[in-house]
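If you're matching positions, the sequence shown starts at 1 in my numbering and goes up one per residue.
All C-beta atoms, glycine included, are put in the ideal place defined by N, C-alpha and C.
In what follows, a structure is listed as structure tokens, so that the remarks can point back to it.
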Amino acid sequence: MCGITGFISSTNVVETSDYYDAHLLIKHRGPEDEGFVGYDGNLLKLYKGNDTIRHFYDLPHINSVKYCKCLIGHRRLAIIDLSWQGHQPLVDAGGRYAMAYNGEIFNYIELREELSKEGVLFDSQTDSEVVFKAIIKWGNHAFNKFNGMWALAFFDKCKNELILSRDRFGIKPLYYAVKDGVLYFASEQKFILKFAPIRFHIDKESAKAYLKNCHINHDANTLWEEIKEILPAHFAIFKDGRITFGKYWNFCPSLRQWNDKDAIEYFGMIFEDSLKLRMRSDVEVGTLLSGGLDSTLIVCTLGKLGFIDKNKFNSFSAVFDDERFSEKKYIEDTLKLYKNIVPHFVYPRAEQVLHYLPKLLFYIEDPFRSLSVFSQFLLYERIKSVSRVKVVLNGQGADELFAGYSQDYITLFVELLARGKIGTFLREKKLHKKFRGNIGLSGMRFIILFLKALFSRQYFLKTKFSELQHFSLREYLKYDDRTSMAFSIEARTPFLDYRLVEFAFSLDYYFKIRDFENKWIERTYAGAIIPPSVRTRKDKMGFISPQEIWQKNELSLAIDICFKNIKDGIFDEYVKGLSAWRLYQKYKSGVYHNWAYVWRLFCFCWWKQCFEKTITMQ
């Protein structure tokens, strides 16, 4: 787990005097080692930085380089093979290829065996060498063989081309900008903002989309007009001043006929193997633990597989003093099952928010939708301060795969009606009304969805799969990456093993919601290995905070000041300041209840101030 930076020019050399200072902005992603490879138009040459390990002490310093045609930098967080052989960037013996890579390929052992059979020789036990030689051997076809999370830059001197690639779901970030025949790229936007000689502008349409609907990270655009993202499951090739894109994972969801027994067994087989792969580590592994099904299932399955019995195992949880929002009782039910688990708790409080907000914005680089991110940040800060854990498992992605959201019940109802399963529909609707009330969907909207499902058996399947890569999950994964990497900790997501994703999108919705139980297949597989209180609960709140209460109390003064500025027109390009002010007055009086919109305006204001300072300092 690491960070990468760099550039490539299709024409002239690029001045590098400010490169290293910009590169240091991502030091948190890999504080243990750093390295660089430069191409002067003739040879690939390795360089060191201030934090490069002693084995490479004799290399020239990167600050000695004045100009370059291509430069790739790397920051290392050592997880697999902690020796000097894990140093990056990698350069092949012939001096043709170079690569810097951020992430983990969990099936690297299996891929090394496959490559060895084809005559490829290895010098280390690192997963990075496997990735490097897989691309040399198989080209872009290698990406589809990787099971993991990654963002990488691969340079071919003979072709004078650079390949950028990102994992299937966008777990690892990768940004780029193109100006005057030069491609700039990095794991975080702040490197590009500081180093690239570009006049950056806030993208008005992206800003409006965020403020209105919280649409952010849903396509290749960012809040900066000039900076884009490599999309999940894509690669980009930069050659001769042009950038072209390809998609290496072209999975098309399709329903299969499963019986209950086979589906549950297959889920268990893939999920357990996913956990085994993600426990591959040469450093200590821990887990986040909420009171919900997903994180509990991770912990209890690890227990079933024998990982917890071997050594002390650390869990980390965010709970609240306000019992209405605390899930501590469910967490404690899980902890009672394992004597070897050492629990750690953080208690996020409203009075901490303004202190942490500038730090959060620096690391996340975008305004964020809610203060659940604040809780995440405190969790990783605690992990760093009280343990030696460098890898953390979490349950991200399970809600998207197995119907963890309230709107998934609507999908179920429409699907049942479209398939003529009237009796099942009436039973599920009755249970929903008993536990949660009416479904909250207009008749016309329901009819439209019904007709779409009636005439397209795959409608919801394809829609939900598209959402997986282009909507909220990408945003949540960004939060996971930035809050964990802020403290040099690697976050792993067992539910986003691509095999499990492909399986989930072969299931009829009745395997996901049944008898009002969402995530039915998860719960059924879990059986007796998780606490009954977690297995049967129907009130899971998600990873939330008492934000609405905080906004109207401890945060009210800061929000008041912000909206007075909005009233004066500081956001007129993105939102009508006077209208926003009037809504805010209605919000304060209790007439307008959209606290999330109020937060987005407040957070955007802080973000704008934070990053405009970065831009003006160039």
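Hey, how far is the Cα of residue i from the Cα of residue j?
| i | j | result |
| --- | --- | --- |
| L293 | R523 | 8 Å |
| T483 | Y363 | 7 Å |
| R112 | Y510 | 40 Å |
| L449 | G170 | 29 Å |
| K194 | K512 | 46 Å |
| V591 | E554 | 20 Å |
| M1 | A486 | 12 Å |
| T52 | I230 | 28 Å |
| Y20 | G94 | 27 Å |
| R75 | R535 | 42 Å |
| K430 | F516 | 9 Å |
| D282 | E129 | 16 Å |
| I559 | K190 | 26 Å |
| K384 | F316 | 11 Å |
| E114 | K133 | 11 Å |
| Y67 | N221 | 30 Å |
| L162 | G148 | 22 Å |
| R168 | P232 | 5 Å |
| H61 | E34 | 11 Å |
| H432 | L174 | 41 Å |
| A153 | H23 | 15 Å |
| T424 | F374 | 41 Å |
| F563 | L473 | 30 Å |
| S17 | A78 | 28 Å |
I believe residue i touches residue j by the beta-carbon criterion, under 8 Å. Please report the beta-carbon distance rounded to the nearest angstrom.
| i | j | result |
| --- | --- | --- |
| D203 | E225 | 4 Å |
| F505 | P253 | 4 Å |
| W150 | K172 | 6 Å |
| L211 | C610 | In fact, because the Cβ distance is near 17 Å, the residues do not count as touching under 8 Å. |
Please classify residue i as buried or exposed, where buried requires at least 16 other C-beta atoms within 10 Å of its C-beta.
| i | result |
| --- | --- |
| A418 | buried |
| P367 | buried |
| M269 | exposed |
| E104 | buried |
| F455 | exposed |
| I347 | For the record, residue 347 in the displayed sequence is Tyr; it is not Ile. Looking at its Cβ environment, which holds fewer than 16 other Cβ atoms inside 10 Å, Y347 is exposed. |
| Q547 | buried |
| N107 | buried |
| L121 | exposed |
| I135 | buried |
| F413 | buried |
| E475 | buried |
| P494 | buried |
| S165 | buried |
Quick one: residues in its chain with C-beta nearer than 6 Å to the C-beta of residue i, no 5 flanking neighbours on either side, listed in chain order?
| i | result |
| --- | --- |
| Y184 | F7, A177, I192 and A196 |
| F56 | K48 |
| P46 | The amino acid at residue 46 is misidentified as Pro; the sequence shows Leu. Only V37 and L59 meet the Cβ criterion. |
| G291 | E327, Y330 and I331 |
| S387 | N314 |
| P531 | D333 and T334 |
| Q125 | D81 |
| Q618 | At Q618, the pLDDT of 43 sits below 50, so the modelled position is not reliable; the number obtained from the coordinates is stated separately. Excluding sequence neighbours, Q618 sits near nothing in its chain. |
| F402 | K512, K519 and E522 |
Indicate the three-state DSSP secondary structure (helix, strand or coil) for residue i in the structure shown.
| i | result |
| --- | --- |
| Y558 | Here residue 558 is Ala; the residue named in the question, Tyr, does not match the sequence. A558: helix per DSSP, three-state reduction. |
| Y175 | strand |
| F611 | helix |
| W391 | Looking at the sequence shown, residue 391 is not Trp but Val. Looking at V391 - three-state DSSP - the assignment turns out to be strand. |
| K145 | helix |
| K69 | coil |
| P343 | strand |
| G94 | coil |
| L354 | helix |
| P620 | Residue 620 is absent from the structure shown; the chain starts at 1 and stops at 618. |
| A486 | coil |
| N160 | coil |
| F132 | helix |
| E110 | helix |
| K239 | strand |
| I270 | helix |
| G577 | helix |
| L289 | coil |
For residue i, which residues in the same chain have their Cβ closer than 8 Å to its Cβ, ignoring the five residues on either side in sequence?
| i | result |
| --- | --- |
| N311 | N340 |
| D123 | Q85 and E129 |
| D508 | L255, W258 and E415 |
What does a CB cutoff of less than 7 Å around residue i pick up in its chain, not counting 5 residues either side in sequence?
| i | result |
| --- | --- |
| W659 | Residue 659 lies beyond the stretch modelled for the chain, which goes from 1 to 618, so this question has no answer here. |
| H470 | H218 and D219 |
| K304 | I529 |
| E381 | F487 |
| G181 | S9, S10, T11 and G241 |
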